[in-house]
Each structure stands twice: as C-alpha cells, then as structure tokens.
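In short: position in the sequence shown from 1, add 322, done, that's the numbering used here. We put the beta carbon where it would ideally sit given N, CA and C, even for glycine. Below is one structure, written out as structure tokens, with a few remarks after it.
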Amino acid sequence: MVASNKKSIIEFAVQGEIVPAIPLRNYWVTWDGKPKMAIGVGGINYNLKIGEKVFGWANGDRAEPGVSTDGTGKDAWILGYRLYSCIGNEARVLSGEGKGEKGIVIGKHGLRAFQQRGAHHVQLHFEEEVLDVLAIGDKIQVKACGVGLHIMGYEDVRLLSLSPNLLDKMGVYEEDEKLVVPVVKEIPNFLISQGAGERPSEQGNWSIQTCFPPDIKKYGLNELRFGDILLLKDVQSDYGRGQYKNGVTIGVVCCGPSDIAGKGIGATNILSTRSGRIKGTIDSEANIANYLGL
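What follows is the structure in structure tokens.
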C-alpha cells in the first residue's frame with residue numbers, strides 16, 4: 323500500500339437527489355444507420371449493477387449501473403455535488419421510504435445530449451432490498467472525502483474523484499519510481515474518443531468507442547464489467563481531459579457501450595499523469611466491487 327495524505331483530507335456533506343430515467347432523444351441513429359430508442363441513463367436501475375458485464379443489455383446505450391443522482395438547486399450547489407463526490411464515499415438517503423439507508427458512490431458519468439446544462443450523474447450502489455424502497459426525487463447526502471488526496475512522492479500524479487478508502491484497497495505499489503496499478507485492460511489511444519476538452523476532470527468521464535465490432539473482440543471490450551479498472555494510454559486528465567503522448571489515465575468503467583458513432587463505454591478518471599509515472603499490471607479481479615465488498 324502506498325503512503326498518502328489521507329489523514330489531512332477534509333470530509334464534508336454534499337447533497338443531491340435521485341434523478342429520473344432520461345430519454346437521450348426519441349431515437350438515435352446508430353453508427354450503421356439504424357434507429358434506436360436508447361435506455362439506461364438515469365433513474366433507479368434494478369438489475370444493472372456494479373460487477374455485471376457491460377454488453378448484452380437490450381436497447382442499452384451508455385447505460386448506468388445502480389442509482390443515478392445529481393445535485394439540485396443553484397448551479398454552484400449542483401457543481402459542488404458533482405465535483406466533490408468521490409468513488410468509495412458513503413451515501414445516505416435523507417427522505418422517502420428508504421430514509422436512513424446507506425449506499426456508496428461507484429462512478430460519475432457525464433452527457434450533454436439533451437439538456438442545456440447537460441447531465442453529470444453521480445452513481446450510487448445500494449443493496450437490492452434498498453432499491454425496492456427508493457423513489458425518484460429522494461434526497462441523498464454524500465460524505466465527500468477525497469479532494470486534495472495525493473500519494474507521497476508522486477506530486478506529478480493527480481488523484482481525482484477517488485476516496486482514500488478505495489485507494490488503500492486497490493493494491494497500488496511502487497516499482498522503479500513508478501506507481502503500479504492493477505487493471506483489467508489497457509486501452510489503446512485510438513479507441514478513446516469522447517471526453518477530450520471537458521473540464522474540470524472531477525466530473526464526467528472518458529469514452530471508449532464501441533462502433534467498430536472487430537475492435538470490441540480484439541481488445542476484449544466485450545469482457546468488461548461495470549466497475550472494472552482500466553489504463554487509458556496517451557491521455558491525461560490532470561486539469562481537464564486531453565490527448566497527451568505518454569500520458570496515462572486510470573479509469574473506472576461507469577457506463578455501458580453505445581451504438582452511436584464515436585461514443586461508447588464510459589470510464590471515470592481516478593488517477594492521471596503527464597509524466598508517465600503510472601503503469602499497469604493486468605489483474606482480471608481489478609474491479610471496485612471486489613475492493614469495496616459490493
């Protein structure tokens with residue numbers, strides 16, 4: 323386990339609410355010219371869970387596992403909920419039949435396709451019996467903890483939307499003055515599409531395009547599960563997302579594939595470097611569900 327400044331990280335409350343399932347459009351036109359009514363974004367997804375395979379869901383398009391939430395009220399309040407919530411943070415239901423029940427943050431997913439302000443969902447996992455009593459509009463409070471987290475001796479590595487709790491369980495270690503991170507797959511740069519230019523990096527995600535079927539099998543994208551940890555090559559997410567030779571971003575799979583040209587599997591960035599001081603080691607069990615006991 324690497325040493326971090328976790329004892330100096332402030333933990334504080336941010337509040338949002340469960341958002342409804344949202345039609346991205348009436349119909350999308352897929353990369354090969356077919357109409358598709360896409361589902362899976364927003365709402366309470368009962369059988370789309372962390373640890374499940376990302377492919378194979380009928381009409382799913384960038385489908386989000388678990389419960390989708392967002393901030394409410396003033397723009398600054400909304401932004402605070404999106405930026406400060408970190409993967410691994412505890413979430414608690416404040417209203418409705420599920421009041422008092424606890425869950426955990428499992429990802430962040432951003433879209434701009436249908437609303438003026440876009441949608442940048444903070445995704446939560448709850449146990450199955452809790453899902454049955456949740457409702458759209460239920461208030462959620464997250465114990466935000468992770469902003470300012472860094473690994474000692476690696477000031478050139480940015481940690482983003484990552485709780486100290488999850489970092490400690492990921493099995494990250496040092497080798498030859500680099501951080502070694504267990505990952506399920508390493509993703510070549512040419513597959514990484516949507517996400518460049520977006521900032522700040524603490525909200526939204528990178529996309530791994532899934533509109534060329536031969537690449538899906540060749541690079542093992544069909545084997546991915548929600549919550550898998552990936553290494554994205556030649557991109558950086560330090561203070562905004564962009565292409566960067568020898569840059570490395572570590573991401574968590576937060577949404578499923580897409581049939582829309584240039585779009586695909588989402589990865590919430592949690593570590594980033596422009597210096598190349600991160601490398602991966604392949605581990606098929608590198609999934610946050612395993613680390614967080616979900």
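Among the options, whose alpha-carbon lies nearest the alpha-carbon of residue i?
i: residue 402; options: 375, 427, 539 and 338; result: 338
i: residue 597; options: 399, 573 and 568; result: 568
i: residue 615; options: 448, 604 and 534; result: 448
i: residue 522; options: 592, 473 and 511; result: 592
i: residue 589; options: 364, 425, 516 and 534; result: 516
i: residue 572; options: 544, 429 and 499; result: 429
i: residue 407; options: 483, 602 and 328; result: 483
i: residue 366; options: 340, 467 and 432; result: 340
i: residue 533; options: 551, 496, 576 and 581; result: 581
i: residue 468; options: 330, 414 and 509; result: 330
i: residue 354; options: 544, 583 and 503; result: 583
i: residue 544; options: 349, 369 and 374; result: 374
i: residue 501; options: 570, 470 and 391; result: 570
i: residue 411; options: 334, 421, 474 and 398; result: 334
i: residue 524; options: 563, 372, 540 and 351; result: 563
i: residue 565; options: 391, 398 and 511; result: 511
Ignore the nearest five residues each way along the sequence and tell me which others in residue i's own chain have a CB closer than 7 Å to its CB.
i: residue 438; result: Bear in mind that a pLDDT of 48 at residue 438, under 50, signals an unreliable position, so the number given afterwards is only what the model happens to contain. So no residue of the chain qualifies.
i: residue 323; result: 490
i: residue 376; result: 546, 547, 548, 575, 578, 579 and 587
i: residue 409; result: 427, 428, 429, 483, 484, 485, 488, 574, 590, 592 and 610
i: residue 472; result: 326, 327 and 481
i: residue 613; result: 488, 491 and 492
i: residue 266; result: Because the chain here runs from 323 to 616, residue 266 falls outside it and cannot be looked at.
i: residue 391; result: 338, 339, 340, 341, 443, 444, 446 and 462
i: residue 607; result: none
In its own chain, which residues sit with a C-beta less than 6 Å from the C-beta of residue i, not counting the 5 before and 5 after it?
i: residue 419; result: 455
i: residue 585; result: 516 and 529
i: residue 431; result: 386, 443, 527, 576, 577 and 588
i: residue 605; result: 504
i: residue 507; result: 542 and 552
i: residue 441; result: 433
i: residue 371; result: 387
i: residue 400; result: 393
i: residue 421; result: 415
Can you pull the DSSP bridge partners for residue i?
i: residue 497; result: 500
i: residue 429; result: 445
i: residue 564; result: 558
i: residue 337; result: 463
i: residue 587; result: 530
i: residue 603; result: 504
i: residue 357; result: 351
i: residue 394; result: Answer is none; residue 394 lacks a bridge partner.
i: residue 481; result: 593
i: residue 375; result: 547
i: residue 424; result: 414
i: residue 470; result: Looking at the DSSP assignment, residue 470 forms no beta bridge with any residue, so it has no partner.
i: residue 573; result: 552 and 591
i: residue 514; result: 530
i: residue 598; result: According to DSSP, residue 598 bridges with nothing at all.
Leaving out the 5 sequence neighbours to the left and right, which residues in its chain are closer than 8 Å to residue i when beta-carbon positions are compared?
i: residue 436; result: For residue 436, the predicted structure reports a pLDDT of 48, less than 50, and the residue's modelled location is therefore unreliable. A value from the coordinates is still provided. Here the set comprises 344, 345, 346 and 347.
i: residue 336; result: 393, 402, 403, 406, 407, 463, 464 and 466
i: residue 416; result: 337, 460, 461, 462 and 463
i: residue 458; result: 340, 341, 342, 365 and 366
i: residue 470; result: 327, 330, 331 and 332
i: residue 540; result: none
Between residue i and the ligand GDP, is there a pair consisting of the residue's CB and a ligand heavy atom that are separated by less than 8 Å?
i: residue 375; result: No copy of the ligand GDP occurs in the structure displayed, which carries no ligand at all.
I believe residue i touches residue j by the beta-carbon criterion, under 8 Å. Please report the beta-carbon distance rounded to the nearest angstrom.
i: residue 494; j: residue 553; result: Actually they are not in contact, since the Cβ atoms of residue 494 and residue 553 sit about 12 Å apart, beyond 8 Å.
i: residue 549; j: residue 609; result: 5 Å
i: residue 384; j: residue 578; result: 6 Å
i: residue 446; j: residue 363; result: So it is not a contact: roughly 15 Å between Cβ atoms.
i: residue 327; j: residue 360; result: The pair is not a contact, with the Cβ atoms about 41 Å apart (cut-off 8 Å).
i: residue 389; j: residue 423; result: At roughly 11 Å, the Cβ-Cβ gap does not stay under 8 Å, so residue 389 and residue 423 are not in contact.
i: residue 555; j: residue 600; result: Wrong, their Cβ atoms sit about 11 Å apart, outside the cutoff.
i: residue 357; j: residue 349; result: 4 Å
i: residue 413; j: residue 425; result: 5 Å
i: residue 513; j: residue 498; result: About 27 Å; that fails the 8 Å criterion.
Exercise. State whether the segment 580–595 contacts the segment 556–572, with contact taken as three or more CB pairs (one from each stretch) at a distance under 8 Å.
Key: They touch, by the three-pair rule.
Exercise. Would you check if there are 3 or more beta carbon pairs closer than 8 Å linking the segment 528–542 to the segment 467–484?
Key: They do not touch, by the three-pair rule.
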